[in-house]
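Undergrad: So that you can map any letter, position 34 of the sequence shown is 1320 in my numbering, and since no number is skipped, the others follow by simple counting.
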Amino acid sequence: MRETKGIYTGVEKWTVCEFESLKEFYDYICNQPLNETFRWGELSSSRRSRDNWYGTSSFNEASDLFKNGWQFGAEELTKKLKIAETQKDVQTTYKNILSMAGYQAIVPLYLQGVPNNMVNKKIVPVKNKVITINKTISVSACVSSETMKAESVKCFQIIKKIEQSGIRVNLNLMISTGHVCAKIRLKSAGEKLNISKLAFPLVHPSMFRRLYFRFIETYPTIPKSYRFGYGRVPNESEFKAVCGKGEIVLPTLLRGNTEEEISRLSVDELLEKLS
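1. Taking DSSP as the reference, what is the three-state secondary structure of LEU1497?
2. So what does DSSP say about LYS1469, is it helix, strand or coil?
3. May I have a chain-ordered list of the beta strand (DSSP E) segments no shorter than 3 residues that lie completely inside the region 1353 to 1439?
4. Measuring only the C-alpha atoms, how far is ILE1470 from LYS1381?
5. With 16 other CB atoms within 10 Å as the buried threshold, where does ASP1375 fall?
6. Measure the alpha-carbon distance for SER1424 versus ILE1383 and round it to whole angstroms.
7. Which word fits SER1335, buried or exposed, when buried means at least 16 other C-beta atoms lie within 10 angstroms of its C-beta?
8. Find out if the Cβ-Cβ distance for the pair PHE1352, ALA1468 is shorter than 8 Å.
9. Is it true that the region 1505 to 1516 meets the region 1343 to 1350, where meeting means three or more beta-carbon pairs spaced less than 8 Å apart?
10. Leaving out the 5 sequence neighbours to the left and right, which residues in its chain are closer than 7 Å to LEU1320 when beta-carbon positions are compared?
11. How big is the Cα-Cα spacing for GLN1373 and GLU1322?
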């Protein structure tokens, strides 16, 4: 984990904790001891409940879905988005090179005895544009799990549309309730959009309401006031303030952007709308 402390968001100073993978984040919350704020209190992440607010009955159930995949969610998303062909094959072009064999001789080079005296063609990959998208999933307690799921489906739809145009996407998950932000790399630009791997962290409410809550319960410098509410919901501009230059932030709730509207927009229009 890499920590960057003291980033001012316009509201307060945050520490951003960057995790290179979901596994690194999970290992952290499982191996880090409880902090002073939550050591003697009730842990919301572990509360046993069949309430749809969590989407799971316990932290252990959420952990199992996180590690082994959320099969039901992945199947539903696959049907809805037809995600199997999210990315095009790597685009290529031809480049002329000098070679010992080829389709055309360079007479002066041949007469000089230069071995590579033939023109040949070499296949080279086309360098694609790469962008970084940060998806936030921090919501207030009054937001239903169904709303969280529906908004995350839009995220998959947006990334699918962008990558089908040939643009590669670095995808991060950003979660914060103030004070500290967890930024987790979900997908690098060279990877395909793996629905089985990403269904739980992007769509399931327990990613935020159990696993991130456990992060809050273990991160060392969480204020005492968080014991009674786990912080607050940051606004979109705060997340943008801690991102790198040119990075896109997809807010938890894509207000004014329906799935039908997203499907109608061109990629250029979509990127302009998100910038």
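The C-beta atom is built at its ideal place from N, Cα and C for all residues, glycine as well.
TA: This is what the structure gives:
1. Note: LEU1497 maps to helix in three-state DSSP.
2. DSSP places LYS1469 in strand when its eight states are reduced to three.
3. The qualifying runs are 1378 to 1385, 1404 to 1411 and 1416 to 1422.
4. Each residue's alpha carbon lies about 38 Å from the other.
5. Summary for ASP1375: the model assigns pLDDT 47, below 50, so the residue's position carries little reliability; its value from the coordinates is reported in the next sentence. Looking at its Cβ environment, which holds fewer than 16 other Cβ atoms inside 10 Å, ASP1375 is exposed.
6. Rounded to the nearest whole angstrom, the C-alpha separation of SER1424 and ILE1383 is 53 Å.
7. Under this definition SER1335 is an exposed residue.
8. No.
9. Contact between the region 1505 to 1516 and the region 1343 to 1350 is absent: fewer than 3 CB-CB pairs across the two stretches fall below 8 Å.
10. Around LEU1320, the same chain offers GLU1503 and THR1504 as residues with beta carbons nearer than 7 Å, after the five sequence neighbours per side are excluded.
11. Below a pLDDT of 50, predicted positions are generally treated as unreliable, and GLN1373, at 41, falls in that range; no measurement from the model is reported.
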